[in-house]
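So the sequence shown is numbered by UniProt numbering: it starts at 1 and just counts up by one.
Where is the CB? At the ideal position from N, CA and C, for every residue including glycine.
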Amino acid sequence: MAAAETLRPGFYALTCPEAEAVVRYEMMKAMIREPRSVASVMRFQFHDCFVNGCDASLLLDDTPNMLGEKLALSNINSLRSFEVVDEVKEALEKACPGVVSCADIIIMAARDAVA
């Protein structure tokens, strides 16, 4: 099996040229609205990637057959900024439906949180 390509600046240049600008803009809006949200996004990214790699599993909602990580007891009072990541995802879906992965959204948002 071939390894997946690694996310890098310009990764979505052909498939979603505005992806990085959209993420940067949404993160700037979040920072203006609530300055602490950028630190929360960085922490969110750490928790997503720390155990089993960056898979965006923290964004999983509960279903009738599965307890999602978003509302798991270990995360519910610990992690913030779900709404920031959701806003970035929503903006990217408007610009490029189904192109940018949730894991990449979290990584780009965390990158822009420190930029």
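Is it right to say Met28 is buried, meaning 16 or more other beta carbons lie within 10 angstroms of its own, or is it exposed? Sequence index remark: in the sequence shown, residue 28 carries index 28 (1-based). The residue is exposed, with fewer than 16 neighbouring Cβ atoms inside 10 Å.
Please classify Ile32 as buried or exposed, where buried requires at least 16 other C-beta atoms within 10 Å of its C-beta. Locating residue 32 in the sequence shown gives position 32, counting from the first residue. By the neighbour-count rule (16 or more Cβ atoms within 10 Å), Ile32 is not buried but exposed.
Measure the alpha-carbon distance for Leu60 versus Arg36 and round it to whole angstroms. On the sequence shown, residue 60 is found 60 positions in, with the first residue counted as 1. On the sequence shown, residue 36 is found 36 positions in, with the first residue counted as 1. C-alpha separation (whole angstroms): 23 Å.
Whole angstroms are fine: how far does the CA of Val100 sit from the CA of Ser81? Within the sequence shown, residue 81 is the residue found at index 81, counting from 1. Within the sequence shown, residue 100 is the residue found at index 100, counting from 1. Approximately 19 Å between the Cα atoms of the pair.
Span separating the alpha-carbon of Met66 from that of Asn52: The sequence position of residue 66 within the sequence shown is 66, counting from 1. The sequence position of residue 52 within the sequence shown is 52, counting from 1. Approximately 18 Å between the Cα atoms of the pair.
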